[in-house]
Amino acid sequence: MQSETKSRVDQLTSPAGHAVTVLRFEGDIASTSKEAVLGAYQALPKGTIKQVLLDFTKVDYINSSGIALVIQLLMEAANAGQKVYAFGLSAHFTKVFTMVGITKYAGLFPGQTEALAAL
Amino acid sequence: MSEIKTTTVEVRLPSRMGFEKVAMSTASAVAKLMGFPEERVEDLKTAVAEACINAIEHGNRLNEKLSVGVVLSAGVDSLEVKVIDDGKGMSKKQAKPDIDRKMHGEEDPRGNVPDPGAGGRGGVGSRLGRQGELCPAGDTVG
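Line order of the protein sequences matches chains A and B.
According to our numbering, the residues represented by the first sequence are 11 to 129, in order.
According to our numbering, the residues represented by the second sequence are 18 to 159, in order.
As structure tokens, this is what we get:
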């Protein structure tokens, strides 16, 4: 019933010249998405990455299990000294992420351009 | 006194994760027919989905022999959603989820784990439901 979650990694450079790792998600983010969300993050090379961008542009449905995976990712990133930002959330999920308190630990931006410009 | 007409739509779901989306789509369709603004439709979808997930996971403990009932009662200017499972209810009130406690590993990222067999509450769905008084009655959304 839940659509498969896909993820891929891109390496970009912000206008300010910082290296940024982008994790792009596609599909639903739910209890079955652990490998696509946490697995993809954990597979990133440790030590060299300072800034991670999460791209939710192609995500239609995120439930509480999916939010828990995002929080777990934020915990691991905080422990590794990395900053995490997100973009591409719908107005509704921007509200949900704000309600849950995720905005205290990850800056939210409407799109990739705005996110990169702020880094 | 004029009689208020209520239209009822019922859905029965298997206790399997993912089927909350069936209830979510049904609630969305009913709310759109009633003329809910788009923002409230989105709130309702999340509230219904989370209530169903609670019912599937905690109320029915993923027992596929049990089903989750979803009853949408549309009145003139209100929509009540009841989500019914075979749980025994909660023995104590759950603490409100806290992002700081989660981030410091003091609370499960998934939320406060309810008592076995109890319908969990207090998460995102519950808060979205309360925001717009979508659910004035007892065992309703959230």
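Virtual Cβ for every residue (Gly too), placed ideally from N, Cα, C.
Is A:V32 closer than 8 Å to A:V47 when the C-beta atoms are compared?
-> On the first sequence, position 37 is the one that residue 47 of chain A refers to. On the first sequence, position 22 is the one that residue 32 of chain A refers to. No, Cβ-Cβ distance for A:V47 and A:V32 is not below 8 Å.
For A:I39, decide whether its Cβ has a neighbour in chain B, counting only Cβ atoms nearer than 8 Å.
-> Mapped onto the first sequence, residue 39 of chain A falls at position 29. A:I39 does not count as touching chain B.
Identity of the residue in B:V39, B:A40, B:D94 nearest B:T24 by Cα = The residue given as residue 24 of chain B occupies position 7 in the second sequence. Measuring from the Cα of B:T24, the nearest candidate turns out to be B:D94.
Minimum Cβ-Cβ distance from A:Y51 to chain B less than 8 Å | Locating residue 51 of chain A in the first sequence gives position 41, where the first residue counts as 1. By this cut-off, A:Y51 is not an interface position.
Closest to B:L79 by CA distance: which of B:V39, B:V87, B:K105, B:P31 is it?
-> Numbered from its first residue, the second sequence carries residue 79 of chain B at position 62. Taking only the C-alpha atoms, the option nearest B:L79 is B:P31.
Inter-residue spacing [alpha-carbon to alpha-carbon] between B:D132 and B:M107 = Stepping through the second sequence from its first residue, residue 132 of chain B is reached at position 115. Stepping through the second sequence from its first residue, residue 107 of chain B is reached at position 90. Because B:D132 carries a pLDDT of 40, less than 50, the predicted location of this residue cannot be relied on, and no value is offered for it.
If you count every other CB in all the chains shown that lies within 10 Å of the CB of A:R34, and 16 or more means buried, which is it?
-> Locating residue 34 of chain A in the first sequence gives position 24, where the first residue counts as 1. With 16 or more Cβ atoms within 10 Å of its Cβ, A:R34 is classed as buried.
Specify, as a first and last residue, the run of the alpha helix (DSSP H) that B:A46 falls within.
-> Indexing the second sequence from 1 puts residue 46 of chain B at position 29. That run of the alpha helix (DSSP H) goes 37-50.
Would you say A:L84 faces chain B, with C-beta separation under 8 Å as the test?
-> Within the first sequence, the letter at position 74 stands for residue 84 of chain A. Cβ-Cβ to chain B under 8 Å: yes for A:L84.
Would A:F97 pass as a contact of A:A125 if the rule is Cβ separation under 8 Å?
-> Reading the first sequence from its first residue, position 87 is the one you call residue 97 of chain A. Reading the first sequence from its first residue, position 115 is the one you call residue 125 of chain A. The answer is yes: Cβ separation under 8 Å.
Beta-carbon separation (whole angstroms), B:P126 vs A:I81, contact threshold 8 Å = As a first step, residue 126 of chain B must be located in the second sequence, where it is residue number 109. As a first step, residue 81 of chain A must be located in the first sequence, where it is residue number 71. Sure, about 4 Å apart at Cβ, within 8 Å.
Would you grab the beta carbon distance between B:A48 and B:L61 for me? Rounded to a whole angstrom, and I think it's under 8 Å.
-> Stepping through the second sequence from its first residue, residue 48 of chain B is reached at position 31. Stepping through the second sequence from its first residue, residue 61 of chain B is reached at position 44. Confirmed, about 5 Å.
Nearest CA to the CA of B:M34: which residue from B:A44, B:V85, B:V26, B:V58?
-> Within the second sequence, numbered from 1, the residue matching residue 34 of chain B stands at position 17. With distances taken between Cα atoms, B:M34 lies closest to B:V85.
Would you grab the beta carbon distance between A:K114 and A:A90 for me? Rounded to a whole angstrom, and I think it's under 8 Å.
-> Looking up residue 114 of chain A in the first sequence gives position 104. Looking up residue 90 of chain A in the first sequence gives position 80. A:K114 to A:A90, Cβ: 18 Å. No contact.
Is there at least one Cβ from chain B nearer than 8 Å to A:A46's Cβ?
-> Your numbering for residue 46 of chain A matches position 36 in the first sequence. Not one chain B Cβ lies under 8 Å of A:A46.
Give, in chain order, every residue of the segment 115-129 of chain A whose Cβ lies closer than 9 Å to some Cβ of chain B.
-> Y115
Do you know offhand how far A:L118's Cα is from B:K110's?
-> What you label residue 118 of chain A is simply residue 108 of the first sequence in a count that begins at 1. What you label residue 110 of chain B is simply residue 93 of the second sequence in a count that begins at 1. If I take the Cα positions, the gap works out to 32 Å.
Who are the Cβ neighbours of B:V39 in its own chain at under 8 Å, not counting the five residues just before and after it?
-> Residue numbering aside, residue 39 of chain B sits at position 22 when the second sequence is read from its first letter. V28, L30.
Are B:G104 and B:G76 close, meaning C-beta to C-beta below 8 Å?
-> Position 87 of the second sequence holds residue 104 of chain B. Position 59 of the second sequence holds residue 76 of chain B. Contact flag set, yes.
Taking Cβ-Cβ distances shorter than 8 Å, what residues in chain B pair up with A:A88?
-> As a position in the first sequence, residue 88 of chain A is number 78, starting the count at 1. Going along chain B in sequence order, the residues near A:A88 (Cβ under 8 Å) are M120.
Return the bridge partner residues of A:D65 from the DSSP annotation.
-> For the purposes of this step, residue 65 of chain A is identified with residue 55 of the first sequence, where counting begins at 1. Partner(s): A:R34, A:F97.
Expressed to the nearest angstrom, what Euclidean distance is found between the alpha-carbon atoms of B:V87 and B:M41?
-> Here residue 87 of chain B refers to the residue found at position 70 when the second sequence is read from its first residue. Here residue 41 of chain B refers to the residue found at position 24 when the second sequence is read from its first residue. Going from the Cα of B:V87 to the Cα of B:M41 covers about 10 Å.
May I ask you to list the residues that DSSP assigns as paired with B:E97?
-> Against the second sequence, residue 97 of chain B aligns to sequence position 80. B:S90, per the DSSP bridge assignment.
Nearest-angstrom Cα distance between A:G27 and A:G121?
-> Indexing the first sequence from 1 puts residue 27 of chain A at position 17. Indexing the first sequence from 1 puts residue 121 of chain A at position 111. For A:G27 and A:G121, the distance between alpha carbons rounds to 18 Å.
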